[in-house]
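Chemist: The following block contains the structure, expressed as structure tokens.
There are 2 protein chains.
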Amino acid sequence: MYKLIKKDKKTKARVGKFTTQHGEVSTPNFMPVGTSATVKTLTPEEVKAAGTEIILSNAYHLMLRPGADVIKEAGGLHKFMHWDGPILTDSGGFQVFSLSKLRKIKDDGVEFQSHIDGSRQFITPESVVEFQQVLGSDIMMVLDECIHYPCQRDYAEKSLKITTDWARRSRDWSLAGARDTSSDISSSVASSSLAMTQKKQMLFGIVQGGAYLDLRKQAVEELIEIGFDGYAVGGLSVGEPRELMYEIIDVTLPLLPEDNLHYLMGVGTPQDILETVERGADIFDCVVPTRNGRNGTAFTSKGNVKIRNAKYTKDNLPIDEECVCPCCKDYTRAYIHHLFSIDEILGLRLLSLHNITFYAKLMKNIREAITDDRFAEFKKGFLTNYKEKEK
Amino acid sequence: MYKLIKKDKKTKARVGKFTTQHGEVSTPNFMPVGTSATVKTLTPEEVKAAGTEIILSNAYHLMLRPGADVIKEAGGLHKFMHWDGPILTDSGGFQVFSLSKLRKIKDDGVEFQSHIDGSRQFITPESVVEFQQVLGSDIMMVLDECIHYPCQRDYAEKSLKITTDWARRSRDWSLAGARDTSSDISSSVASSSLAMTQKKQMLFGIVQGGAYLDLRKQAVEELIEIGFDGYAVGGLSVGEPRELMYEIIDVTLPLLPEDNLHYLMGVGTPQDILETVERGADIFDCVVPTRNGRNGTAFTSKGNVKIRNAKYTKDNLPIDEECVCPCCKDYTRAYIHHLFSIDEILGLRLLSLHNITFYAKLMKNIREAITDDRFAEFKKGFLTNYKEKEK
């Protein structure tokens, strides 16, 4: 599904594209986060017009609310939320281990309490794939355990063993669903998953292993042996120093098959994206553009604008003079400052829209720079301007 | 500024239009409320696309936040909020007497404490017009005292005396600003107000008098003697029974000049609008469509849909099958129910948008019905369907 188009001459940066049932995505690219079937504050039309080619949603959240029945009856996640482009759904492994209470890893899956209503839930690698098949997402992620930093060696080893086992079971279940409707899977599930799998939902493996580089290497080898449509690096941005994150990526990415997509989960800031594109990463997701937008922080090529700052009270310039999004075309800093001062929703909308536009533009600029063999210069120029005003 | 086009044969309902510096408005019409320079949750483009021809904003709120300086520097309210259609600004009389603390009516104006930060404020009829001239609204409202229901006769009489005095002073100040830049008004104010008045901002008087019909009559006579560009009936929907409100309107509206606009302030529900269009009212404003939208209640021709209701969990119909707004075209009740269940902003946006579309459509249907001499039938048909499901 992934086609490598061009490799940068000086770095590991690469331009490519991948094809899904809901359209093509050029890489490197960034996925705005629509955790609960909505990219917060925005309509799908706005998200698309901002330049977004693919969004991320989350199986853990959707499983709890609104649940499989509702989305199945709506005809899948795309129809439910009125987004007709590609969707990647995270498995919820990260959420099970960060949000839920009393989680307990058993042989066959994880028992946990919902962070919303305390209800007892039980998921398995199989049920998580099955749920994503009901969602009909273009890319499904396997259930994994995302360990935090720091983490003891023996726990990391034990965890990786489980994660790899789950990855194999996810792959097996996905293939079985595609092959065989008369398996022991309940009939409604089987028919639904067959239908979905026939639509070529892809399944990605997730490289874990914490900050132990040999475990990362082991994880990659085991996942490749199982075989996936693409590979993600998880367990990043979980408390480790930035330089250690880059080191993990430096070791891990070159081990991944060149003809598969490389997805860095939960990354990141513009700086992180540039640093890791340079190391060979293809796609990213992060709550930063939308969450920062709702908190009143706008990304610009000259650094961040914290719009609540009193200095913007009478500033009739746009958020970013170089940006052509509706927020920058139609509204001033003074007006958006006013909206945030009085907690008006339009303010959250405008900065969310601007920020995902900024991210989409950044990714486009990165692709063009790699194509033109000037990625290193682009990165240097961007970070020089960007840092300058962040101080 | 108002042109009567057609009178209904059976009722006092009438179709007309009025012209402002920012465009024409057909009547009867409804103004969505943009209290603080934003129609809550929506962009001006969305408000316009919904069929809205004029919006209302509020001098009291804008005076406190962001204040005259900010809006003046932005070049007026239209530019500040990026709405290029007509704006009517309420004076804030209602807010001074309902929101603020420790208000004290003095000879020359009102002293009150801001409901936001407790700061001491003093406004006069003149300063309120002056502020609306800085805003550059198309229709300015005079400062008035909006008394509540019930109200003692002697208080109502005393209050009306003040309100009429303020109305005269507002008119005088507005005319003086237009005529004479070398008056004793400070030069910056004078030049700004001259500029604004040259742009033909209109000034409306407000009929008060509580539930005392003879005071209402007296108020109308005094206001007509002073002379305004249009006349509003205020002090409605302040706790009085609905039938009494209609009685006040029955007595008051026929006394207003036929060749001026009749504005019913703070009214109302679809039913109230139909009942009072029948009595000769031309324009309306009310927070109901936007506030109800944010609370999860959608207006439809068949009655209200309370979208949080569990029965909508798997309902894949649109909010209103007869509506063509983006909310009804693109999203299902099940999805919007989900958004409200998880407190997602997109839900507030979609129902706000639908509700103002519903109001704009209602007003269009009313105008067409009057034009076609079938207003009474339209009203009866609407209320029959609408009530049916409201139970």
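Protein chains in written order, with the working numbering: chain A, 124 to 514; chain B, 124 to 514. Even glycine gets a Cβ: it sits at the ideal position worked out from N, Cα and C. Source: prediction; values computed, not measured.
1. Just to confirm, is the Cβ distance from A/P377 to A/Y509 under 8 Å?
2. Could you check which residue in A/F463, A/L298, A/V447 and A/L440 has the C-alpha nearest to that of A/R456?
3. Output the distance between the C-alpha atoms of B/K227 and B/V411, rounded to the nearest integer angstrom.
4. Report the option in A/H238, A/R243, A/A197 and A/Q256 whose CA atom is closest to the CA atom of A/S214.
5. Over the uninterrupted beta strand (DSSP E) stretch that includes B/K484, give me the two end residues.
6. In whole angstroms, give me the CA-to-CA distance for B/K129 and B/C409.
7. Could you give the residue range of the alpha helix (DSSP H) that holds B/T258?
8. Would the region 153-167 of chain A count as touching the region 133-143 of chain A if we require 3 or more Cβ pairs under 8 Å?
9. Have a look at A/M124 and A/A334 and give me their C-alpha separation to the nearest angstrom.
10. What three-state label does DSSP hand A/Q236 in the structure shown?
11. DSSP three-state label for B/K140, please.
12. Where are the beta strand (DSSP E) runs, 3 residues long or more, that stay fully inside the region 365-394 of chain B, in chain order?
13. Which one or two residues does DSSP pair with B/F422 in a beta bridge?
14. Given a threshold of 16 other Cβ atoms within 10 Å of its Cβ, counted over all protein chains shown, does A/K452 qualify as buried or as exposed?
15. Return no unless some Cβ of chain A is closer than 8 Å to the Cβ of B/M204.
16. For chain E, check one thing: does any of its Cβ atoms lie closer than 8 Å to the Cβ of A/I468?
17. With 16 as the cutoff for other CB atoms within 10 Å, does B/R490 come out buried or exposed?
18. Between the C-alpha atoms of B/V193 and A/K437, what's the straight-line distance to the nearest angstrom?
19. Between which residues of its own chain and A/F217 is the CB-CB distance below 6 Å, once the five residues before and five after are set aside?
20. Report yes if the C-beta distance between A/M264 and A/T212 is below 8 Å; otherwise report no.
21. Would A/V233 and A/V252 qualify as a contact pair, given that the criterion is a beta-carbon distance under 8 Å?
22. Can you list, in chain order, the residues of its chain with a C-beta nearer than 7 Å to that of A/K323? Leave out the 5 residues immediately preceding and following it.
23. Suppose you measure from the CA of A/V447 to the CA of A/S250; what does that come to, to the nearest Å?
24. Taking B/T286 as the reference, which of B/D382, B/R339 and B/N432 has the closest Cα?
25. Could you give the residue range of the alpha helix (DSSP H) that holds A/A191?
26. Excluding sequence positions up to five away, which residues of its chain have a Cβ less than 7 Å from the Cβ of A/T494?
27. Have a look at A/I396, A/D466, A/I465 and A/N383 and flag the residue whose alpha-carbon is nearest the alpha-carbon of A/F481.
28. At which residues does the alpha helix (DSSP H) containing B/E347 begin and terminate?
29. Could you tell me if A/S305 is buried or exposed, where buried requires 16 or more neighbouring beta carbons within 10 angstroms of its beta carbon?
30. Look at the alpha carbon of B/I177 and the alpha carbon of A/G358, and state the distance between them as a whole number of angstroms.
31. Would A/Y262 and A/F327 be called neighbours here (beta carbons separated by less than 8 Å)?
32. Residues of chain A with a CB under 9 Å from the CB of B/A421: which are they?
33. In chain A, what lies closer than 9 Å to B/L462 by C-beta?
34. Which of the residues in the region 419-446 of chain B, read from start to end, lie with their CB under 8 Å from any CB of chain A?
35. For the region 372-398 of chain B, list every residue whose C-beta sits within 9 Å of some C-beta in chain A, in sequence order.
36. Which residues does DSSP pair with B/K129 in a beta bridge?
Modeler: So, from the data block:
1. no
2. A/L440
3. Between B/K227 and B/V411, the C-alpha separation is close to 30 Å.
4. Comparing Cα positions, the closest option is A/Q256.
5. Per DSSP, B/K484 belongs to no beta strand (DSSP E); it is in the alpha helix (DSSP H), I468 to T494.
6. 25 Å
7. It is worth fixing the name first, because residue 258 of chain B is Leu in this sequence and not Thr. P248 to L258 is the span of the alpha helix (DSSP H), which, as asked, contains B/L258.
8. no
9. 30 Å
10. Looking at A/Q236 - three-state DSSP - the assignment turns out to be strand.
11. strand
12. 384-387
13. B/N427
14. By the neighbour-count rule (16 or more Cβ atoms within 10 Å), A/K452 is not buried but exposed.
15. yes
16. The chain labelled as chain E is not found among the protein chains of the depicted structure, namely A and B.
17. buried
18. 6 Å
19. In the same chain as A/F217, and ignoring 5 residues on each side of it, the C-beta atoms closer than 6 Å to its own belong to C269, in chain order.
20. yes
21. no
22. Q144
23. 44 Å
24. B/R339
25. A191 to A197
26. K129 and V138
27. Distance from the Cα of A/F481 is smallest, within the candidate group A/I396, A/D466, A/I465 and A/N383, for A/I396.
28. Note on identity: in this sequence residue 347 of chain B is Ile, with Glu being the wrong assignment. Element bounds for B/I347: L336 to I349.
29. Residue confidence for A/S305 is low, a pLDDT of 40 falling below 50, so the modelled location carries little weight and cannot support an answer.
30. 53 Å
31. Here the sequence assigns Ile to residue 262 of chain A, which means Tyr is not the residue at that position. Against a cut-off of 8 Å, the Cβ pair of A/F327 and A/I262 comes out as a contact.
32. By Cβ distance, chain A contributes nothing, its closest Cβ being about 17 Å from B/A421, past 9 Å.
33. S159, A160 and T161
34. Taking 8 Å as the Cβ-Cβ cut-off, the region 419-446 of chain B approaches chain A at T436, K437 and N439, given in chain order.
35. none
36. Partner residues in the beta bridge of B/K129, as assigned by DSSP, are B/V138.
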